[in-house]
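Everything on this sheet refers to the single structure shown next.
Residue numbers (my numbering): 2 to 223.
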C-alpha cells in the first residue's frame, strides 16, 4: 500500500516514479481522511519546540501551522510515524513529529496540538500494488503513463484518442522523465476498464506516443 495523492499537497512524486520504473500493477485504490498531530516527548510544552520532523508531504499539509509558529523549523523526515519514533528514541526535548494519534500511542509521545492540517477535508488516496494484480470484475478505472515527443500538436493528438471515444480523463499531470532532460511523462487516469473502447484508445495512443505504460486497471472509488 502506498500513498499516491493528497487533496492538499498533490501527488507523491517518488511513488509515481516507482510505478513507472518498476514492474508493479495497481490492484485497488483507497481514500483515507488524514488528521495530523504535533507529537513530542511527555512533559514537553509547545513553547519549547524548536523543530518539527515529518514526511515532506505531511509538512506541506500543515503550512498554516508553521506560518503561525514561525520560530519552529520544519525538518523533512522519511516517514510520519518514523518522525515520532525518532523524537522519542533520541529524547529530543526541543523537537516534535507530525503524525497520527496511533503513532503517539505506539511510541509513547504526547499530542501537543491536534488536527493541525490546513483543511479538515484532508484526504489521501492510496494504491494497493502487486507484482501481478488480481483482476476485478468491477474494474472501471485505468491509470497510465505516457510520453510524447516535444513537437507541435503531440499532446493534443495523445489526448484526442480519449476524446474520440468519449472516454473521460479524471486526472492528468506531468513529471520529469528521468534520463531525458526537459522531457516529461504524463500520468493519467481514465474512467474505463478493460473494454474495447479503452483497448482501442491505448492502441491508438501507442501510435502517437513514444512511451505508454498501463499502471493498473481497478475499481474506481465510489
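For every residue, glycine included, the Cβ atom is placed at its ideal position computed from N, Cα and C.
Could you please give me the residues that DSSP links to residue 144 through a beta bridge? In the chain shown, residue 144 corresponds to position 143, counting from 1. For residue 144, which the question treats as bridged, DSSP gives the partners 190 and 217.
Thinking C-alpha only, which one of 3, 71 and 196 is nearest residue 27? Here residue 27 refers to the residue found at position 26 of the chain shown. It is 3 whose Cα lies nearest to the Cα of residue 27.
Tell me which residue opens and which closes the beta strand (DSSP E) that residue 125 is part of. The residue labelled residue 125 in the question sits at position 124 within the chain shown. It spans 124-131 - the beta strand (DSSP E) in which residue 125 sits, taken as one unbroken run.
Can you list, in chain order, the residues of its chain with a C-beta nearer than 8 Å to that of residue 1? Leave out the 5 residues immediately preceding and following it. A question about residue 1 goes unanswered here, because the residues of the chain that appear run from 2 up to 223.
Hey, how far is the Cα of residue 32 from the Cα of residue 221? Residue numbering aside, residue 32 sits at position 31 when the chain shown is read from its first letter. Residue numbering aside, residue 221 sits at position 220 when the chain shown is read from its first letter. Those two C-alpha atoms are separated by around 11 Å.
Give the single residue among 166, 80 and 47 whose Cα lies nearest to the Cα of residue 69. Sequence index remark: in the chain shown, residue 69 carries index 68 (1-based). When only C-alpha atoms are compared, the closest one is 47.
I'd like to confirm the pairing. Which residues does DSSP put opposite residue 12 in its beta bridges? Residue mapping note: residue 12 aligns to position 11 of the chain shown, counting from 1. In DSSP, residue 12 forms a bridge with 6.
Spatially closest choice to residue 109 from 152, 142, 44 and 164, by CA coordinates: Looking up residue 109 in the chain shown gives position 108. Nearest of 152, 142, 44 and 164 to residue 109, Cα basis: 44.
Using the beta-carbon count (16 or more within 10 Å), is residue 148 buried or exposed? What you label residue 148 is simply residue 147 of the chain shown in a count that begins at 1. So residue 148 counts as buried.
Those residues which DSSP pairs with residue 77 across a bridge: Taking the first residue of the chain shown as position 1, residue 77 is located at position 76. DSSP, once it has assigned bridges, lists 55 as partnering residue 77.
Less than 8 Å between the C-beta atoms of residue 95 and residue 130, yes or no? Taking the first residue of the chain shown as position 1, residue 95 is located at position 94. Taking the first residue of the chain shown as position 1, residue 130 is located at position 129. Taking 8 Å as the Cβ cut-off, residue 95 and residue 130 do not qualify as a contacting pair.
Taking its Cβ as the centre, do 16 or more other Cβ atoms sit within 10 Å of residue 208, making it buried, or is it exposed? Position 207 of the chain shown holds residue 208. Exposed: under 16 other Cβ atoms inside 10 Å.
Between the C-alpha atoms of residue 82 and residue 105, what's the straight-line distance to the nearest angstrom? If you number the chain shown from 1, residue 82 lands on position 81. If you number the chain shown from 1, residue 105 lands on position 104. Computed Cα separation, rounded: 8 Å.
In chain order, what residues of the same chain lie with their CB nearer than 6 Å to the CB of residue 21, ignoring the 5 residues before and after it? Counting from 1 along the chain shown, the entry for residue 21 is found at position 20. Same-chain partners within the cutoff: 146.
Is residue 32 helix, strand or coil when you go by DSSP? For the purposes of this step, residue 32 is taken as the residue at position 31 of the chain shown. Strand.
Could you tell me the alpha carbon to alpha carbon distance between residue 155 and residue 189, rounded to whole angstroms? Position 154 of the chain shown, counting from 1, holds the residue named residue 155. Position 188 of the chain shown, counting from 1, holds the residue named residue 189. Roughly 16 Å between the two C-alpha positions.
Could you give the first and the last residue of the continuous alpha helix (DSSP H) run that contains residue 201? Within the chain shown, numbered from 1, the residue matching residue 201 stands at position 200. 197-209 is the span of the alpha helix (DSSP H), which, as asked, contains residue 201.
Where residue 68 falls: helix, strand or coil (DSSP): Position 67 of the chain shown holds residue 68. In this structure, residue 68 counts as helix in the three-state DSSP scheme.
Taking a contact to mean a Cβ-Cβ separation below 8 Å, would you say residue 125 touches residue 193 in this structure? Reading the chain shown from its first residue, position 124 is the one you call residue 125. Reading the chain shown from its first residue, position 192 is the one you call residue 193. Not closer than 8 Å, so no.
Rounded straight-line distance, which links the Cα of residue 174 to that of residue 60: Along the chain shown, one-based indexing puts residue 60 at 59. Along the chain shown, one-based indexing puts residue 174 at 173. Straight-line Cα distance between these residues: approximately 22 Å.
Buried or exposed (CB count within 10 angstroms, at least 16 for buried), residue 116: Position 115 of the chain shown, counting from 1, holds the residue named residue 116. With fewer than 16 Cβ atoms within 10 Å of its Cβ, residue 116 is classed as exposed.
What residues are listed by DSSP as bridge partners for residue 106? In the chain shown, residue 106 corresponds to position 105, counting from 1. None, per the DSSP bridge assignment.
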